[in-house]
Every structure is written in C-alpha cells, then in structure tokens.
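Using this note's numbering, the letters of the sequence shown correspond one by one to residues 1 to 130.
Ideal placement from N, C-alpha and C gives every residue a C-beta, glycine not left out.
Scroll down for the structure; my scribbles are underneath it.
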Amino acid sequence: MRPADRVMQSYGRCCASPTFFDTFYRLFTGSSPAVREKFVNTDMSAQKHLLRAGILNLVLYARGMPDSKLRAIGQSHSREGFDIRPELYDLWLDSLLLAVREHDGEAGAEDLAAWREVLGKGIALIKSFY
Ligand code: HEM
C-alpha cells in the first residue's frame, strides 16, 4: 500500500474515535509553554474541527492535490500571522503520532513511519512560509 493510502486508512480509524482530537491537543499543549501560550484565547472546540480538515489537506497534498490550502495555512502561521516558529512543528508531529498510537489500535511501525513521511512533505511547505 502507498504511504498516503496507509495514512488515509489510519486517519479514518482515528477520526472514528470520538476523543482523538482531545488527546492530540492535550499532548500538544502539554509539550511546551510556547505551544500553550499560542492557544490561550482559542475556542478549542472550533480549533479541533479546523485541524480535522487541516490534517486531511496534508494527506491530500501528498496524494497530489494542489498546494493552495497549505500555502494559505503557511501564510496564516507565518511571522506576520500567528507567528509559529518552525521548531514547534516537531512538537506538533510528535504529539500527533502519540495520539495516533493511542487511538488507532491497528497502527503498526510501518503506518507510523508513513504518517511521518506523508505529513512531513506538507509541513515542510507550511514552514517555508515562515
Ligand atoms: C490555526 C492547521 C500547526 C498554532 C490553524 C487553522 C488551521 C491550522 C487550519 C485555522 C486557521 C487557518 O486556516 O489558518 C494547522 C496544521 C498544522 C498546524 C495543518 C500542522 C502542519 C500549528 C502549530 C502551532 C499552531 C505547530 C503552534 C502552536 C495555531 C494557532 C492558530 C492556528 C495559534 C489560531 C488559533 C486561534 O484562532 O486562536 N491551524 N496548524 N498550528 N494554529 Fe495551526
């Protein structure tokens, strides 16, 4: 199976778990005060819906979708926008992988490696706008 298809199936299992995004944000905001301070005024329930679509955009980009959605995220997260320093994406990806392990009982080492590879491409694009 291609890595992007592997990720799509794993993501489907994660989204079927009602608390997947709660777990992700608990881990991500717990990973650093620098992350926590970015979300002090954020409506986290709205944020979870935005992230659900954001992750889908990362996977679709790896499958060949045009990069316009990710470019927009890159601009909103740049230093003129939310000012998200590039190293915070490492914490983001580590938190996501931990949440995947917790919520996708079928995810093996190959699936987790596929997640890193597939999301890594889109994350590199987003970071390039910083
Ligand atoms: C908002 C996606 C990484 C902090 C958003 C939004 C999306 C999104 C779709 C809604 C606004 C918009 O469309 O621009 C993503 C994706 C990420 C990512 C796909 C990973 C590749 C991060 C990281 C941080 C972060 C690493 C660091 C803390 C924020 C903040 C907001 C936001 C502060 C605005 C929240 C508010 O409205 O109060 N993100 N994000 N994001 N993101 Fe991200």
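- Query: With C-beta atoms as the reference, is A99 less than 8 Å away from F24?
  - Reply: What you label residue 99 is simply residue 99 of the sequence shown in a count that begins at 1. What you label residue 24 is simply residue 24 of the sequence shown in a count that begins at 1. In this structure, F24 lies closer than 8 Å to A99 by Cβ.
Q) Taking 7 Å as the cut-off, is the CB of T19 close to at least one heavy atom of the ligand HEM? A) Translated into positions along the sequence shown, residue 19 becomes position 19. Because no heavy atom of the ligand HEM lies under 7 Å away, the Cβ of T19 does not count as near it: no.
Checklist line | Assigned exposure category for T29 - 16 Cβ within 10 Å defines buried | finding: One-based indexing of the sequence shown puts residue 29 at position 29. It counts as buried.
Which value, in whole angstroms, describes the spacing of the CA atoms of Y89 and A109? Residue 89 sits at position 89 when you count from the first residue of the sequence shown. Residue 109 sits at position 109 when you count from the first residue of the sequence shown. So the two alpha carbons sit approximately 21 Å from each other.
Closer than 8 Å is the cut-off here; do at least three beta carbon pairs connect the segment 114-128 with the segment 41-51? no
**Asked** DSSP three-state call for G188: helix, strand or coil?
**Response** Here the chain covers residues 1 to 130 and nothing more, so residue 188 does not appear.
Discussion item. Three or more C-beta pairs under 8 Å: does that hold for the segment 12-22 against the segment 76-92?
Written reply: no
Q: Find out if the Cβ-Cβ distance for the pair A4, R63 is shorter than 8 Å.
A: Walking along the sequence shown from the start, residue 4 turns up at place 4. Walking along the sequence shown from the start, residue 63 turns up at place 63. It is a contact, given that the beta carbons lie within the stated cut-off.
message: Using only the alpha-carbon positions, how far apart do S95 and M65 sit?
response: In the sequence shown, the residue the question calls residue 95 occupies position 95. In the sequence shown, the residue the question calls residue 65 occupies position 65. Cα to Cα, the separation comes out at about 25 Å.
- [ ] Enumerate, from N- to C-terminal direction, the unbroken alpha helix (DSSP H) stretches of 4 or more residues contained entirely within the segment 32-100.
- [x] 33-38, 44-62 and 68-76
**Asked** What number of angstroms, rounded off, separates the C-alpha of Y130 from the C-alpha of R26?
**Response** Locating residue 130 in the sequence shown gives position 130, where the first residue counts as 1. Locating residue 26 in the sequence shown gives position 26, where the first residue counts as 1. One C-alpha to the other measures close to 25 Å.
Measuring only the C-alpha atoms, how far is E102 from G122?
Taking the first residue of the sequence shown as position 1, residue 102 is located at position 102. Taking the first residue of the sequence shown as position 1, residue 122 is located at position 122. The alpha-carbon atoms of E102 and G122 are separated by roughly 23 Å.
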